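Chains as they are written, first to last, in the numbering used here: chain A, 30 to 388; chain B, 30 to 388; chain C, 30 to 388.
Here the structure is laid out as structure tokens; the discussion comes afterwards.
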Amino acid sequence: MTRMDPSKATTAKQLRPYTRPLIKNAWYVVGWAEEFGEEPFARRILNEPILFYRATSGEPVAVLDVCPHKLAPMRLGQRIGDDMQCGYHGLRFDKHGVCVHNPQGNGIIPPNAKLKSYPTLERHGAVWIWMGDPAKADAGLIPDFSHIDDPKRRSVKGGHHVNCNYMMMVENLMDLGHIIFLHSQTGGLENLVLGESKTGNDNGTITDQRLYHDIATPNLFADHMDVTRCDFWTDIRWNAPSAIRNHAGAAPCGHARGDRSTDQLGSHFLTPETHDTTHYFYAHSRNYALDDDAGDEIWRHWQRTALKAEDSMVAEAIQGVVPQAEELGVEMIVLSTDLSGIRVNRILEEMAQAEESDG
Amino acid sequence: MTRMDPSKATTAKQLRPYTRPLIKNAWYVVGWAEEFGEEPFARRILNEPILFYRATSGEPVAVLDVCPHKLAPMRLGQRIGDDMQCGYHGLRFDKHGVCVHNPQGNGIIPPNAKLKSYPTLERHGAVWIWMGDPAKADAGLIPDFSHIDDPKRRSVKGGHHVNCNYMMMVENLMDLGHIIFLHSQTGGLENLVLGESKTGNDNGTITDQRLYHDIATPNLFADHMDVTRCDFWTDIRWNAPSAIRNHAGAAPCGHARGDRSTDQLGSHFLTPETHDTTHYFYAHSRNYALDDDAGDEIWRHWQRTALKAEDSMVAEAIQGVVPQAEELGVEMIVLSTDLSGIRVNRILEEMAQAEESDG
Amino acid sequence: MTRMDPSKATTAKQLRPYTRPLIKNAWYVVGWAEEFGEEPFARRILNEPILFYRATSGEPVAVLDVCPHKLAPMRLGQRIGDDMQCGYHGLRFDKHGVCVHNPQGNGIIPPNAKLKSYPTLERHGAVWIWMGDPAKADAGLIPDFSHIDDPKRRSVKGGHHVNCNYMMMVENLMDLGHIIFLHSQTGGLENLVLGESKTGNDNGTITDQRLYHDIATPNLFADHMDVTRCDFWTDIRWNAPSAIRNHAGAAPCGHARGDRSTDQLGSHFLTPETHDTTHYFYAHSRNYALDDDAGDEIWRHWQRTALKAEDSMVAEAIQGVVPQAEELGVEMIVLSTDLSGIRVNRILEEMAQAEESDG
């Protein structure tokens with residue numbers, strides 16, 4: 030019903046992050062290490078249904094959750110040692126996805142009887158999967174999140190499912206200009222004035238640093254600081270495609286990022302379940318109150334409110350608008366706070382194009 | 030699976046009302062005046078998500094419910110005076126949809142930072158919106174429904190949402206041949222014989238008048254009449270695209286439409302929410318029992334039963350059949366009772382074609 | 030995102046049973062005879078919405094559940110003698126679908142005012158419908174299921190709805206290699222070794238016979254046998270497109286299929302509701318415990334567990350994988366247990382092609 034007009038060119042470009050193909054040659058977090066045990070479970074990653082379990086040797090196993098005989102999900106079957114037996118006709122596959130037993134009729138195993146197998150590894154308290162060409166699965170590409178199991182910190186891990194393309198959450202984290210509006214009640218972050226702001230691009234690692242001077246001590250840190258006013262900062266680091274570290278903290282005025290800081294390292298992993306749904310895994314690793322369970326609850330509350338009830342709620346609402354945005358004739362605009370998000374998108378656009386021309 | 034055959038041509042033509050594009054250059058009722066207050070609310074009209082509120086001056090405001098920055102719905106934000114502040118990054122828009130404040134970074138307001146704004150006005154106890162070219166929004170095109178707030182009448186207003194194209198409800202009202210079957214129980218209208226019947230087309234205003242002689246006084250009027258038999262009539266008037274007035278009443282035999290009538294003016298506004306869903310707003314304005322609350326309940330009951338449980342139930346059931354009708358090879362038929370509905374459809378077909386060639 | 034590669038050819042061929050057009054020129058069971066009474070009810074068969082009732086003469090009636098006037102479902106109307114009156118405008122249709130009364134306006138009945146009518150008949154305790162060319166509806170094509178109302182047997186009838194293409198259930202029954210895995214708990218059928226196995230194709234009737242020697246007496250028969258070990262067999266017979274008889278039983282070792290057998294004849298009718306959903310009707314007709322209600326419960330339990338919670342659960346899970354199987358690059362494999370299912374598919378493929386070229 031709506032004609033194309035020149036303004037659409039801008040809008041189409043702005044919408045691109047949410048319509049772009051997913052990046053396959055990359056490590057993604059598929060869950061916290063604690064989730065992976067004897068019991069197999071299925072999780073969809075980049076729209077592939079995958080069965081996960083931990084082998085007796087301890088290594089995480091990831092195979093396609095589809096038996097090649099009649100397409101029954103393998104999760105309906107039974108684990109036998111390190112093998113999985115299909116629950117329908119009893120075909121048995123080892124942890125590499127190779128069929129090792131056919132209990133039916135002549136017992137011959139067809140040469141192509143196998144489950145697709147995915148490179149995985151456990152690092153920084155999480156299990157990671159490589160969804161693209163296995164030959165390119167270089168463990169060195171996993172960014173440093175060693176703070177998660179750093180004994181000098183205490184981590185509160187969590188996660189939830191979001192009904193949006195993963196980029197809505199990535200951009201949300203790369204543009205913390207939203208915290209003084211969306212999280213103002215939850216974080217006690219109302220009416221702050223941004224003091225210093227710095228962005229960077231260190232060989233594909235994008236950074237965005239913000240500092241607010243002399244503010245009322247935010248809720249998050251108030252219990253563990255003896256000042257009523259403080260400096261507050263957020264140092265964001267992004268690694269492709271969707272692993273984000275947010276080093277944030279508060280300190281007596283004039284001491285930001287210094288020894289007297291009460292800080293935490295936030296870890297945010299946005300793993301596409303499908304093109305338009307996302308697994309969101311996060312941890313908050315604080316450097317204080319290491320023996321205090323009540324300190325955990327402050328961060329769990331933050332995860333439930335800021336990350337789920339606020340960030341994810343808005344992201345899901347935006348997801349509802351995206352398919353109709355062009356037809357509605359919305360001319361999207363860009364603000365200065367979007368700079369880091371734009372840098373991230375440029376890198377992902379190049380990765381997507383490289384995969385398309387490879388693929 | 031089904032081959033095309035010549036009978037399909039007829040069916041396709043009969044199906045056209047339910048598959049036709051929606052008319053944009055027209056006034057639509059978006060709600061009763063009472064709904065519009067300080068608190069903003071969102072309602073989808075002709076498939077556009079729109080935010081409504083009443084300005085401090087009293088005029089109704091309608092702007093697109095989509096922030097042009099990141100596409101967050103404006104309804105998640107906050108009203109500040111007559112402005113709306115986006116809940117995500119704090120952009121502020123005035124009641125005309127113009128961005129008046131950017132609290133982020135350099136604070137510059139991009140020139141195209143605006144919300145689409147829609148002409149609205151309040152008339153006859155309802156708020157109306159113009160969905161097409163604002164230059165064509167002539168208030169004189171709103172048909173006369175002054176009986177709704179006529180002090181010599183008492184109006185019972187209501188509304189509900191229907192899961193069908195709006196034409197199913199329009200045709201329903203233009204063809205009251207259905208009342209003696211679909212509403213026979215509810216209205217006490219069983220086994221009536223149509224006495225007189227007249228249709229008209231006065232310069233695009235379609236009328237359909239029916240009269241039943243000497244019938245048992247219908248439930249709707251029995252409490253307020255002292256006769257057990259009466260004449261009963263329905264005078265329907267349609268104005269494009271979907272505003273219908275039904276002047277209906279009962280009178281002692283031989284006195285239909287005269288001074289001794291117990292009558293009411295029904296107002297029916299069918300506003301497309303999407304192509305296949307409809308907001309249905311209605312009022313019944315009676316000329317009797319003006320101080321009697323129990324008189325209201327008779328009409329509320331009629332609205333719940335005849336308009337919702339019967340008319341809308343059938344319309345939704347038909348909506349379920351429409352997408353499959355051609356494949357099923359149903360050859361649709363036309364009856365003499367459909368005449369006014371056909372006239373309405375001819376006018377709307379011309380309007381749709383005019384918009385398409387303009388568009 | 031996935032390139033086509035040669036392996037896809039195999040997969041596409043294996044997927045064909047679940048994507049093939051439905052066969053129209055065939056008898057399908059639409060319900061057990063007991064369901065058909067005075068009260069009309071609607072059921073979708075091969076994606077056509079059909080209204081069923083039993084005429085006063087006793088014969089089952091099947092007409093399209095769509096009034097040709099405004100497309101209202103006929104099920105919303107009223108039965109008057111052997112006619113159906115549309116609930117919207119009162120058009121009346123006889124049991125052959127011919128319009129016999131128009132109560133509106135001039136009362137003229139348009140020549141094409143009719144409901145499509147379907148050949149039906151009652152046989153073997155069930156009602157059957159012919160969905161294709163009525164001229165081809167030969168009652169002699171209905172296969173023999175006379176055991177269902179054989180007075181020397183007692184039948185337990187049932188049915189449920191399955192969210193899958195009917196072929197997933199047909200293949201399931203043609204390949205009872207699955208019973209020792211999927212039904213091992215329910216049936217007490219664990220770790221059996223197939224003794225003898227024989228398949229046949231008798232002029233389009235496909236058979237698949239399996240015998241297990243000297244096994245622990247299965248749960249299903251244990252209450253009615255005085256041996257702890259037995260022979261157990263399943264003799265499957267398939268008739269196009271989806272009527273399957275499973276003669277199964279247990280006997281003292283060495284006496285399979287003989288006089289001393291405790292056996293039952295299972296009847297399985299898989300009737301497509303739509304391309305991807307199925308009405309599943311079944312009966313188990315035993316030759317023992319004819320006066321024992323508790324004997325019924327054993328088979329009802331089997332229907333609830335083996336047929337619904339196990340077979341249909343797996344079939345629905347497979348249905349969820351099918352649309353994505355090619356994109357996932359799954360190379361489907363064939364096992365020797367699939368032979369009878371492959372024969373069935375070859376016949377259905379020919380029937381589908383014949384219908385397509387007929388048109």
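Even for Gly, the Cβ is constructed at its ideal location relative to N, Cα and C.
As the structure is a computational prediction, the values presented were derived from the model and not from experiment.
Check whether chain A comes within 8 Å of residue i, counting only Cβ atoms and requiring the distance to be less than that.
i: C/L357; result: yes
i: C/H297; result: no
i: B/H212; result: no
i: B/M33; result: Note that B/M33 has pLDDT 43, beneath the 50 cutoff, so the model's placement of it is unreliable and no number is given.
i: B/A91; result: no
i: C/M361; result: yes
i: C/G206; result: yes
i: C/A354; result: yes
i: B/E326; result: no
i: C/V256; result: no
Once you ignore the five residues that flank residue i on each side, which residues in its own chain have a CB closer than 6 Å to its CB?
i: C/G370; result: E200, M203, D204
i: A/Y195; result: S271, L299, P301, T307
i: A/D292; result: G278, N316
i: A/H253; result: T291, Y317, A318
i: A/M380; result: I52
i: A/K124; result: A84, V90, D111
i: B/D305; result: N194
Taking only beta-carbon positions, decide if residue i is within less than 8 Å of chain C.
i: B/M30; result: No answer about B/M30 holds up, because its pLDDT of 36 lies below 50 and its placement is not dependable.
i: A/Q133; result: yes
i: A/N141; result: yes
i: B/V373; result: no
Go through its chain and collect everything with a Cβ distance to residue i's Cβ below 7 Å, but skip five positions before and after it.
i: C/E225; result: L240
i: B/M30; result: The predicted position of B/M30 is uncertain, since its pLDDT is 36 and thus under 50; a value taken from the coordinates is nonetheless stated next. Counting only Cβ-Cβ distances below 7 Å, and skipping sequence neighbours, we find nothing.
i: B/E219; result: I209, S213
i: B/V343; result: L211
Can you find a C-beta in chain B that's less than 8 Å from the C-beta of residue i?
i: A/T366; result: yes
i: C/A302; result: The residue asked about is misnamed: residue 302 of chain C is Glu in this sequence, not Ala. No - not a single Cβ of chain B is within 8 Å of the one on C/E302.
i: C/Q348; result: no
i: A/V156; result: no
Can you find the residues in the same chain that come closer than 8 Å, C-beta to C-beta, to residue i, ignoring five residues on each side of it along the sequence?
i: A/R83; result: F65, G66, E67, P89, V90
i: C/L170; result: A55, W56
Below 8 Å on the Cβ atoms is my contact criterion, and I expect residue i with residue j to pass it. Report the Cβ-Cβ distance as a whole number of Å.
i: A/L105; j: A/G116; result: 4 Å
i: A/M160; j: A/L80; result: With a Cβ gap of about 15 Å, A/M160 and A/L80 do not count as contacting.
i: C/P46; j: C/N275; result: So it is not a contact: roughly 20 Å between Cβ atoms.
Would you say the beta carbon of residue i comes nearer than 7 Å to a heavy atom of the ligand ADP?
i: A/C259; result: Ligands in the displayed structure: none, and consequently the ligand ADP is not present.
Which runs of the beta strand (DSSP E) spanning at least 3 residues fall entirely within the stretch 120-172 of chain B, listed in chain order? 128-130, 149-152, 155-159
Using a Cβ cut-off of 8 Å, which residues of the stretch 226-250 of chain B contact any Cβ in chain A, in chain order? none
Residue ranges of each alpha helix (DSSP H) run of no fewer than 4 residues wholly in the stretch 234-281 of chain B, ordered along the chain? 248-251
Beta carbons nearer than 9 Å to chain B: which residues of the stretch 117-128 of chain C have them? Y117, H118, G119, L120, C128
If the cut-off is 7 Å on Cβ atoms, which residues from the stretch 94-115 of chain A count as contacting chain C, listed in chain order? V95, P97, H98, K99, L100, A101, P102, L105
Looking at chain A, which residues of the stretch 167-199 of chain C have a Cβ within less than 9 Å of any of its Cβ atoms? M197
Could you name the residues of the stretch 56-86 of chain C whose beta carbon sits closer than 7 Å to any beta carbon of chain A, in the order they occur along the chain? none
Complete alpha helix (DSSP H) runs within the stretch 324-378 of chain A (minimum length 4 residues, chain order): 342-350
Along the chain, which unbroken stretches of the alpha helix (DSSP H) at least 4 residues long are found entirely within the stretch 196-227 of chain B? 208-211, 213-216
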